[in-house]
Amino acid sequence: MHHHLDAYAYTNHLKQLPPLQKLLFALTTLLIALLAHPLTQSAIFVWLNVWTIGYARIPIKVYGRVLGVVSIFLLTSLPALLLNAMPQGGGYAIALDEITAIQANSLGGLVIGNWYLFVSYSGLMQAMEIVVRSLACFSCLLFIFFTIPFAELLSILRQCRFPPVLLDLLLLMYRFVFLFLDVATQLQLAMAARGGYRTRQRWMQSVALLAGQLVVRSLQRYQQFSLGLTARGFNGQFQVYSTQSYNYSQRYALESLLGCIGLVIFELKFW
Amino acid sequence: MIILDNTPSLLQFENVFYTYPGANQPAIEDLTLSIPAGKRTAILGHNGCGKSTLLLLADGLYRCSAGVISWQGKPMQYQARSLNQWRQRIGLAFQDPEQQLVAATVAEDISYGLCNLQLSQAEIAARLDQTLIDFNLQELANRPLHYLSLGQKRRVALAGVMALQPQLLLLDEPTAYLDRLQTRHLMQELDRIHGNGTTIVMATHDLDLVYGWADWAIVLHQGRALVSDQADQVFNNVTLLEQLELGMPTLWEIWNALPMAFRDRESPPKTVAELRSRLMQYQHFR
Numbered sequence: 019m020h021h022h023l024d025a026y027a028y029t030n031h032l033k034q035l036p037p038l039q040k041l042l043f044a045l046t047t048l049l050i051a052l053l054a055h056p057l058t059q060s061a062i063f064v065w066l067n068v069w070t071i072g073y074a075r076i077p078i079k080v081y082g083r084v085l086g087v088v089s090i091f092l093l094t095s096l097p098a099l100l101l102n103a104m105p106q107g108g109g110y111a112i113a114l115d116e117i118t119a120i121q122a123n124s125l126g127g128l129v130i131g132n133w134y135l136f137v138s139y140s141g142l143m144q145a146m147e148i149v150v151r152s153l154a155c156f157s158c159l160l161f162i163f164f165t166i167p168f169a170e171l172l173s174i175l176r177q178c179r180f181p182p183v184l185l186d187l188l189l190l191m192y193r194f195v196f197l198f199l200d201v202a203t204q205l206q207l208a209m210a211a212r213g214g215y216r217t218r219q220r221w222m223q224s225v226a227l228l229a230g231q232l233v234v235r236s237l238q239r240y241q242q243f244s245l246g247l248t249a250r251g252f253n254g255q256f257q258v259y260s261t262q263s264y265n266y267s268q269r270y271a272l273e274s275l276l277g278c279i280g281l282v283i284f285e286l287k288f289w
Numbered sequence: 006m007i008i009l010d011n012t013p014s015l016l017q018f019e020n021v022f023y024t025y026p027g028a029n030q031p032a033i034e035d036l037t038l039s040i041p042a043g044k045r046t047a048i049l050g051h052n053g054c055g056k057s058t059l060l061l062l063a064d065g066l067y068r069c070s071a072g073v074i075s076w077q078g079k080p081m082q083y084q085a086r087s088l089n090q091w092r093q094r095i096g097l098a099f100q101d102p103e104q105q106l107v108a109a110t111v112a113e114d115i116s117y118g119l120c121n122l123q124l125s126q127a128e129i130a131a132r133l134d135q136t137l138i139d140f141n142l143q144e145l146a147n148r149p150l151h152y153l154s155l156g157q158k159r160r161v162a163l164a165g166v167m168a169l170q171p172q173l174l175l176l177d178e179p180t181a182y183l184d185r186l187q188t189r190h191l192m193q194e195l196d197r198i199h200g201n202g203t204t205i206v207m208a209t210h211d212l213d214l215v216y217g218w219a220d221w222a223i224v225l226h227q228g229r230a231l232v233s234d235q236a237d238q239v240f241n242n243v244t245l246l247e248q249l250e251l252g253m254p255t256l257w258e259i260w261n262a263l264p265m266a267f268r269d270r271e272s273p274p275k276t277v278a279e280l281r282s283r284l285m286q287y288q289h290f291r
C-alpha cells in the first residue's frame, strides 16, 4: 500500500507546481486550523479536500481510505472525552449542587454497579472540537503527503538549511522503507507458498519467524548498502543534485492566497 | 599456471589473500593476476569461487590480509584520501543494483557520486545531462528508484558509476535475473562504454555471455587464478573448463559438433551471425 500511496505524490495533477508553494500553502492552512474555531476549521477541511481530490485528482476512495485509517486513532481517544463516571451510593458523599450540575450536563447515562456512567454535554462539545480540528489538520497534512514527493520535500528542507545529518537520515530511512518492504513481501510470499499461513497456529509462528528474519535480513541489507555507499565515494555527507523543473501557476497562487486571507477575516470577524 | 601477456596492465594482484571474518578458509588465496589495459576481461568461475570478493578487493572495499594490489605499479594505500582517488579510477557495479542505488530519484542517484567528487554545480549538471542521454534515461530522470524494473535499476546503477568516468569498470554478474532483451541492451551498452576507452572486467559464470565478448579471460577456482590468458586460448582449454565443470559455450559446442572437414583450419565462430554466415558458405548447408 505504501508503494501505491507514494506514487500519487509523483503523478498527481499538481505535480508541476513548485513544491515550496504547495508546502507554504499547506502549512499556512495548518496554522490557521490549529488556532481557529470549529466553523473555520470545517471550511479548511472542505477547501483542502477540494485541492487534494479536485485539483490534484487523488481518487476519492484512496483519500477516504487514508483519512479513515488516520481517523481510527482519533476515534480511539474519543471515549475518554465523551464518557464520564460518577460514584453512586456505596458510602460516597457528593454535594447536592454537584449532583445538580452533573444532571444538567448529562445527555444520558446508565448505572453500572456503584457507578453512574454518562455522556456529558461539555465532553461532547470538547470531542467535537477535537474531531473538527484534527480533521482540518489531517487534510492539510494529507495534501502535503499526496502532492509533494518526499525527495522534493527534502530538497526544500535542504534549501531552508535544515541540519544535513537529519536530512541524510531521513533520506536513508525513506530508501530503507522500500527495501524493508521488499524483504518483508518476499519473505511473506515465500512463507505463504509453503503453507506458512494455513492454520492460526502456523500463522502466529510464521509471523514471529518473519519478524525475526526481517531484522537479520535488514542488517544484511544495511551492510551491503554501506558497501555501495563507500564504493560511490560517500564522504560523510549525502549530497545530490536535483534536475526537477516546475511551472508557477498564478491561478493556484491567487486562490491559495485569497482563500487564506478569507479564512483569517472570517475567523476574526465572526468569532 | 599464470600466463601474463605483454599488454600493459592497469590493475595487478600479487599473492593476495583475503579471509572473511570468522571463516576458516580464505576466500582469496595467493591470487596473482593482471588486468590488461583497454581490454574486455571475463572472470570465470563457479558461485563462491571468489569472483565478487576479488572485485570488492579491487575497489578497496575489503582490505587484503596479505599481498599487494596495485594500479599501474602503484600499490593501493588504505587511507581515506587515496581510496577516494582509487575509486575515481575504478568503478564497481554490484550484482544487486539495490545495493548501490542510494538517492530517491534516478537523476539524484546519478548525481550522488558526482557531488562526492566536489565538482562545480555546472560540471555536475553537464555530466548528469550527458549520462542521462548516454544511458537513455532522460524520461526516467525524476522517477523514484523504487518504481523501476530490475533492468532499469541496473541501467541506473551503471550510469551512476560511468558518470564518474572511471578508467576501469568492474561488473559483478551484470546480467543476473535479466531477460534476453535486457541482456542484449546491457551488452550493447558495455560495447559503447568499451568503445569510449574504458577497460571492462566482468565476473560471471555464464560462458555463453562472455564468449565472443571477452578479449581476455581469467579462470578462478577456490580463490585462486588457474589461468589468465587471451580469451580464445582459455576457451580452447577444453580440459580445464570441463574439469572445473564450467561447461563450454553453446556456439563452441555446435561448432565442434560439425564435421571435421567443415571446421578445418578455422577458428570457432564468436557470434550466431558468424556461425550462420559460415554455414551458408558451406555448400552442404545451402
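From first to last, the protein sequence lines stand for chains A and V. Residue 19 is where the first sequence starts when you use the numbering used here, and the numbers rise one by one after that. Residue 6 is where the second sequence starts when you use the numbering used here, and the numbers rise one by one after that. Just so it is clear, CB atoms sit at the ideal spot from N, CA and C, and this is done for glycine as well. If you're wondering where the values come from, they're calculated on a predicted model, not measured in any experiment.
Can you tell me whether DSSP reads residue i as helix, strand or coil?
i: A:Pro77; result: coil
i: V:Glu178; result: coil
i: V:Gly65; result: coil
i: V:Met167; result: helix
i: A:Met143; result: helix
i: V:Leu117; result: Position check: residue 117 of chain V holds Tyr in this sequence, whereas Leu was assumed. It is helical.
i: V:Lys79; result: strand
i: A:His20; result: Here A:His20 scores only 47 on pLDDT, less than 50, and its place in the model should not be relied on; the value that follows carries that caveat. Residue state, collapsed to three classes: helix.
i: A:Met104; result: strand
i: V:Asn261; result: helix
i: V:Asp139; result: helix
i: A:Ser89; result: helix
i: V:Gly252; result: coil
i: V:Ala108; result: coil
i: A:Tyr134; result: strand
Report yes or no: is there a C-beta of chain V within less than 9 Å of the C-beta of residue i?
i: A:Thr248; result: yes
i: A:Asn123; result: no
i: A:Ala169; result: yes
i: A:Arg179; result: no
i: A:Tyr192; result: yes
i: A:Tyr28; result: yes
i: A:Arg239; result: yes
i: A:Leu172; result: yes
Flag residue i as yes if its beta-carbon sits less than 9 Å from any beta-carbon of chain A, otherwise no.
i: V:Ile129; result: yes
i: V:Glu144; result: no
i: V:Val166; result: yes
i: V:Asn29; result: no
i: V:Asp237; result: no
i: V:Gln126; result: yes
i: V:Arg160; result: no
Note down, in chain order, every chain V residue with its Cβ under 7 Å from the Cβ of residue i.
i: A:Val258; result: Ala108, Glu113, Ser116, Tyr117 and Cys120
i: A:Phe196; result: His151
i: A:Leu175; result: Result: empty, since nearest Cβ-Cβ is about 13 Å, beyond 7 Å.
i: A:Gln34; result: Under the 7 Å cutoff, chain V gives no residues; its nearest Cβ is about 11 Å from A:Gln34.
i: A:Phe243; result: Gln104
Please list, in chain order, the chain A residues whose beta carbon lies closer than 7 Å to that of residue i.
i: V:Arg92; result: Ala249 and Gly251
i: V:Leu97; result: Ala249
i: V:Glu103; result: Leu197
i: V:Asp177; result: The contacting residues do not exist; V:Asp177 stays about 11 Å from chain A at best.
i: V:Asn89; result: Gly251
Using a Cβ cut-off of 8 Å, pull out every chain V residue sitting near residue i, in sequence order please.
i: A:Leu187; result: Per Cβ cutoff of 8 Å: no residues; A:Leu187 is ~13 Å from chain V at best.
On the criterion of 16 or more Cβ atoms from any shown chain inside 10 Å, does residue i qualify as buried, or is it exposed?
i: V:Gln105; result: buried
i: V:Ala32; result: buried
i: V:Arg185; result: exposed
i: V:Gln100; result: buried
i: A:Val183; result: exposed
i: A:Arg218; result: exposed
i: A:Tyr26; result: buried
Cβ closer than 8 Å: which chain A residues qualify as neighbours of residue i?
i: V:Asp64; result: Ala249
i: V:Leu5; result: Residue 5 of chain V lies beyond the stretch modelled for chain V, which goes from 6 to 291, so this question has no answer here.
Would a check of beta-carbon distances place residue i closer than 9 Å to chain D?
i: V:Asn141; result: No chain D is present in this structure, whose protein chains are A and V.
So with CB distances below 9 Å, who are the chain A contacts of residue i?
i: V:Asn52; result: Within 9 Å Cβ-Cβ: nothing; V:Asn52 doesn't reach chain A, min ~17 Å.
Kindly list, in the order they appear in chain V, the residues whose Cβ is closer than 9 Å to that of residue i.
i: A:Ala119; result: Neighbours of A:Ala119 on chain V: none; closest Cβ ~57 Å, over 9 Å.
i: A:Ile25; result: Here residue 25 of chain A turns out to be Ala, not Ile, going by the sequence shown. Chain V residues near A:Ala25: Pro149 and Tyr152.
* Asked: Does the region 257 to 266 of chain A come close enough to the region 42 to 55 of chain A to have 3 or more Cβ pairs within less than 8 Å?
  -> no
* **Segment contact, 8 Å Cβ cut-off, at least three pairs: the region 133 to 151 of chain V with the region 270 to 284 of chain A** => no
* Validate contact between the region 78 to 93 of chain A and the region 166 to 181 of chain A using beta carbons, cut 8 Å, 3 pairs -> no
* Is there contact between the region 18 to 36 of chain V and the region 57 to 75 of chain V, where contact requires at least three CB pairs shorter than 8 Å? -> Touching, yes, given that three or more Cβ pairs across the two stretches are closer than 8 Å.
* Can at least three beta-carbon pairs, one atom from the region 72 to 81 of chain A and one from the region 129 to 147 of chain A, be found at a separation below 8 Å? -> With a cut-off of 8 Å, the region 129 to 147 of chain A and the region 72 to 81 of chain A do not count as touching, because too few Cβ pairs lie within range.
* Can you find at least 3 beta carbon pairs, one from the region 118 to 128 of chain V and one from the region 44 to 61 of chain V, that sit closer than 8 Å? -> no
* Given 8 Å as the limit, is there contact between the region 50 to 63 of chain V and the region 226 to 235 of chain V, that is, 3 or more CB pairs closer than that? -> In short, these stretches touch, since the Cβ pair count reaches three.
* Asked: Counting pairs of Cβ atoms below 8 Å between the region 138 to 158 of chain A and the region 52 to 69 of chain A, do you hit three or more?
  -> Put simply, the region 138 to 158 of chain A touches the region 52 to 69 of chain A. At least three CB pairs are less than 8 Å apart.
* Kindly confirm or deny that the region 186 to 204 of chain A and the region 169 to 178 of chain V touch, where touching means at least three C-beta pairs closer than 8 Å. => no
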